[in-house]
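If you're matching them up, the sequences are chains R and B in order.
Under the numbering used here, the residue at position 79 of the first sequence is numbered 121, and the numbers go up by one with no gaps.
Under the numbering used here, the residue at position 68 of the second sequence is numbered 70, and the numbers go up by one with no gaps.
Where is the CB? At the ideal position from N, CA and C, for every residue including glycine.
Predicted model, so just to flag it, every value in this text is computed and none were measured.
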Amino acid sequence: MSGFTEMELNKRSDRVVFSYMGKPTHEMIDLILEMSETKLRIIESNSTIVKRIVNVLIEILQNIFNHGEDFSVVDHQSFKFFLFMRGDDYFIITENFIKTKEVNNLISKLDGYLSMSDEDITRTYRKTLDNGGFSIKGGAGLGLINIIRKSNGNLEYEFSKVDKENSLFRLGVQIKVE
Amino acid sequence: MKNFYMEGSDKTPSIKLDAESGEMEFSGKSIPENSADLYEPVMEWIDNYIKSPAENTIFVVKLEYFNTSSSKYLLEIFRRFEKLFRTGKEVAVQWYYELEDEDMQESGDDFRDILKIPVELIVY
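In structure tokens, the structure reads:
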């Protein structure tokens with residue numbers, strides 16, 4: 043499951059809606075959400091799709107903030123965000139650092155969820171919502187499941203080790219427009 | 003018991019909890035980074051309300067967006083009303099979603115599937 047195949051940004055043919063590279067702050071995350079939604083409302087007439095993308099953006103960006111590495115200790119280019127269009131479909135790509143020791147756990151969760159059918163992912167979402175309790179970081183693992191559910195499992199990821207302690211996590215999510 | 007009102011913002015919902023009429027409403031967006039700060043006072047109010055509730059409690063949810071940590075709190079809030087429902091009081095959740103917003107409809111279905119109180123899905 044690991045590795046990017048389809049979702050690399052092609053700067054020549056893809057249409058970038060919004061991109062950001064740098065240090066993420068709460069203010070910047072809010073601005074990315076606001077700007078992305080404003081631009082999407084201009085270019086996309088289907089409001090359901092706009093809301094779905096914004097929903098996925100909220101989960102991805104808040105997930106990075108809750109579970110990503112402390113950005114203050116890594117370089118100022120520690121976060122990358124791209125929202126772009128290819129044909130009618132939308133793609134979101136993010137890059138951020140996480141602790142290397144958390145990589146295996148995340149891979150096993152992602153692969154587990156990605157192997158599920160739509161019905162199973164809905165069942166898992168409801169079960170986790172019902173029984174998951176509150177994690178200290180607030181999300182109880184629901185965020186990932188929700189991203190996979192909203193994107194119908196059209197998700198790719200890859201990790202690359204930066205040093206002993208830190209790894210780079212790249213996530214790509216496709217929102218298909220039927 | 004005092005009513006609970008909170009103005010909404012770009013990230014937090016407008017909240018109206020009326021102890022006398024039993025009408026409760028969440029509307030707008032619920033995407034705070036820290037849902038506990040927002041929802042703990044609401045849960046405290048509801049815990050007090052449940053001690054002397056109105057005959058009928060209607061909980062209206064008209065949210066445009068909510069994040070997953072908010073959904074955990076929503077469920078915790080509904081769970082409290084479930085307890086009230088089991089004591090014989092009338093309790094209902096009205097879950098509003100915009101026409102064709104199948105994601106918000108699906109979220110209403112999630113709560114309807116999990117909860118043992120009536121959850122009505124209403125298009126607006």
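Checklist entry - How many whole angstroms separate the CB atoms of PRO43/B and LYS13/B, which I take to be in contact at a CB cut-off of 8 Å? => result Counted from its first residue, the second sequence places residue 43/B at position 41. Counted from its first residue, the second sequence places residue 13/B at position 11. Not a contact, Cβ separation roughly 16 Å.
Checklist entry - Do the region 188-201 of chain R and the region 144-157 of chain R make contact, defined as three or more Cβ pairs closer than 8 Å? => result yes
Next on the checklist: If we define contact as Cβ-Cβ less than 8 Å, is ASP172/R a contact residue for chain B?
Outcome noted: In the first sequence, residue 172/R corresponds to position 130, counting from 1. Interface residue, yes.
Checklist entry - Do ILE100/R and LEU75/R have their C-beta atoms closer together than 8 Å? => result On the first sequence, residue 100/R is found 58 positions in, with the first residue counted as 1. On the first sequence, residue 75/R is found 33 positions in, with the first residue counted as 1. Cβ atoms of ILE100/R and LEU75/R: closer than 8 Å.
Checklist entry - Can you tell which of PRO66/R, ILE95/R, TYR167/R, LEU171/R has its C-alpha closest to the C-alpha of ILE106/R? => result By one-based count along the first sequence, residue 106/R stands at place 64. Nearest to ILE106/R by alpha-carbon distance, out of PRO66/R, ILE95/R, TYR167/R, LEU171/R, is PRO66/R.
Checklist entry - Beta-carbon of ILE178/R versus every beta-carbon of chain B: anything under 8 Å? => result Within the first sequence, numbered from 1, the residue matching residue 178/R stands at position 136. No answer about ILE178/R holds up, because its pLDDT of 45 lies below 50 and its placement is not dependable.
Next on the checklist: Looking at chain B, is there any beta carbon in it that lies within less than 8 Å of the beta carbon of ILE100/R?
Outcome noted: Here the question's residue 100/R lines up with position 58 in the first sequence. Yes, ILE100/R counts as interfacial toward chain B.
Checklist entry - If you run the structure through DSSP and keep just helix, strand and coil, what is PHE126/R? => result Taking the first residue of the first sequence as 1, we reach residue 126/R at position 84. Here DSSP, grouped into helix, strand and coil, assigns PHE126/R to strand.
Next on the checklist: Between the region 112-125 of chain B and the region 89-97 of chain B, can you find at least three pairs of beta-carbon atoms closer than 8 Å?
Outcome noted: yes
Checklist entry - Using the C-alpha atoms, what's the distance from PHE211/R back to VAL204/R? => result Position 162 of the first sequence, counting from 1, holds the residue named residue 204/R. Position 169 of the first sequence, counting from 1, holds the residue named residue 211/R. Approximately 10 Å between the Cα atoms of the pair.
Item to check | CB contact below 8 Å: LYS91/B versus chain R | outcome: Stepping through the second sequence from its first residue, residue 91/B is reached at position 89. Taking Cβ atoms only, chain R never reaches closer than 8 Å to LYS91/B, which makes this a no.
Item to check | Delimiting residues of the beta strand (DSSP E) encompassing TYR67/B | outcome: Residue numbering aside, residue 67/B sits at position 65 when the second sequence is read from its first letter. The continuous beta strand (DSSP E) containing TYR67/B extends over residues 58-68.
Item to check | Beta-carbon gap between MET3/B and TYR51/B smaller than 8 Å | outcome: Position 1 of the second sequence, counted from the start, is the residue given in the question as residue 3/B. Position 49 of the second sequence, counted from the start, is the residue given in the question as residue 51/B. Yes; because the gap between Cβ atoms is below 8 Å, this pair is in contact.
Checklist entry - Which chain B residues sit within Cβ distance under 8 Å of VAL204/R? => result For this step, residue 204/R is matched to residue 162 along the first sequence. Neighbours of VAL204/R on chain B: none; closest Cβ ~26 Å, over 8 Å.
Item to check | 8 Å contact criterion, which PHE80/B and LEU123/B should meet: CB distance rounded | outcome: As a first step, residue 80/B must be located in the second sequence, where it is residue number 78. As a first step, residue 123/B must be located in the second sequence, where it is residue number 121. Rounded, the Cβ-Cβ distance is 14 Å, inconsistent with contact.
Checklist entry - Does the distance from the C-beta atom of GLU57/B to that of GLU84/B stay below 8 Å? => result On the second sequence, position 55 is the one that residue 57/B refers to. On the second sequence, position 82 is the one that residue 84/B refers to. Against a cut-off of 8 Å, the Cβ pair of GLU84/B and GLU57/B comes out as no contact.
Checklist entry - Based on Cα-Cα distance, which residue from VAL92/R, THR170/R, THR142/R, SER150/R lies nearest to ASP105/B? => result Translated into positions along the second sequence, residue 105/B becomes position 103. Selected option, being the one with the closest Cα: VAL92/R.
Checklist entry - When the Cα of PHE87/B is compared with those of GLU27/B, PHE61/B, PHE28/B, which residue comes out closest? => result In the second sequence, the residue the question calls residue 87/B occupies position 85. Among GLU27/B, PHE61/B, PHE28/B, the Cα nearest to that of PHE87/B belongs to PHE61/B.
Next on the checklist: Helix, strand or coil for SER89/R? Go by DSSP, reduced to three states.
Outcome noted: As a position in the first sequence, residue 89/R is number 47, starting the count at 1. SER89/R falls in the helix class under three-state DSSP.
Next on the checklist: Counting only beta-carbon separations shorter than 8 Å, does VAL96/R have a partner in chain B?
Outcome noted: Mapped onto the first sequence, residue 96/R falls at position 54. It does: the Cβ of VAL96/R has a partner Cβ on chain B nearer than 8 Å.
Checklist entry - If you draw a straight line from the alpha carbon of ARG54/R to that of ILE71/R, how long is it in whole angstroms? => result Residue mapping note: residue 54/R aligns to position 12 of the first sequence, counting from 1. Residue mapping note: residue 71/R aligns to position 29 of the first sequence, counting from 1. For ARG54/R and ILE71/R, the distance between alpha carbons rounds to 26 Å.
Checklist entry - Mind pulling the alpha helix (DSSP H) runs of 4 or more residues that sit fully within the region 7-67 of chain B? => result 37-53
Next on the checklist: List, in chain order, every chain R residue whose beta-carbon is nearer than 9 Å to that of ILE17/B.
Outcome noted: Numbered from its first residue, the second sequence carries residue 17/B at position 15. Under the 9 Å cutoff, chain R gives no residues; its nearest Cβ is about 19 Å from ILE17/B.
Item to check | Euclidean distance between Cα positions of VAL121/B and GLY64/R | outcome: Taking the second sequence and counting its residues from 1, the one referred to as residue 121/B is at position 119. Taking the first sequence and counting its residues from 1, the one referred to as residue 64/R is at position 22. Those two C-alpha atoms are separated by around 44 Å.
Checklist entry - When the distance is taken between beta carbons, is ARG168/R closer than 8 Å to PHE126/R? => result Against the first sequence, residue 126/R aligns to sequence position 84. Against the first sequence, residue 168/R aligns to sequence position 126. Contact annotation: PHE126/R and ARG168/R have beta-carbon atoms that are not nearer than 8 Å.
Item to check | Local conformation of PHE139/R per DSSP, three classes | outcome: One-based indexing of the first sequence puts residue 139/R at position 97. It is a strand residue.
Item to check | Nearest residue (CA-CA) to SER202/R, options TYR132/R, VAL145/R, LEU103/R, GLU86/R | outcome: Residue mapping note: residue 202/R aligns to position 160 of the first sequence, counting from 1. Cα-wise, what sits closest to SER202/R is VAL145/R.
Item to check | Interfacial residues, the region 61-77 of chain B to chain R, with Cβ spacing under 7 Å | outcome: TYR67, ASN69, THR70, SER71, SER73, LYS74, LEU77
Item to check | Contacts that PHE107/R makes with chain B (C-beta to C-beta distance below 7 Å) | outcome: Here residue 107/R is taken as the residue at index 65 of the first sequence, counted from 1. GLU35, listed in chain order.
Next on the checklist: Restricting to Cα atoms, I'd like to know which of ILE189/R, GLY185/R, PHE46/R, ARG191/R is closest to SER71/B.
Outcome noted: The residue labelled residue 71/B in the question sits at position 69 within the second sequence. The option with the nearest alpha carbon to SER71/B is GLY185/R.
Item to check | Same chain only: Cβ atoms within 8 Å of ARG128/R, ignoring 5 sequence neighbours per side | outcome: Here residue 128/R refers to the residue found at position 86 of the first sequence. Answer for ARG128/R: ASN52, SER55, ASP56, ARG57, listed in chain order.
Checklist entry - Which word fits GLY180/R, buried or exposed, when buried means at least 16 other C-beta atoms lie within 10 angstroms of its C-beta? => result For the purposes of this step, residue 180/R is identified with residue 138 of the first sequence, where counting begins at 1. Annotation note: pLDDT 49 at GLY180/R (below 50); position unreliable, no value reported.
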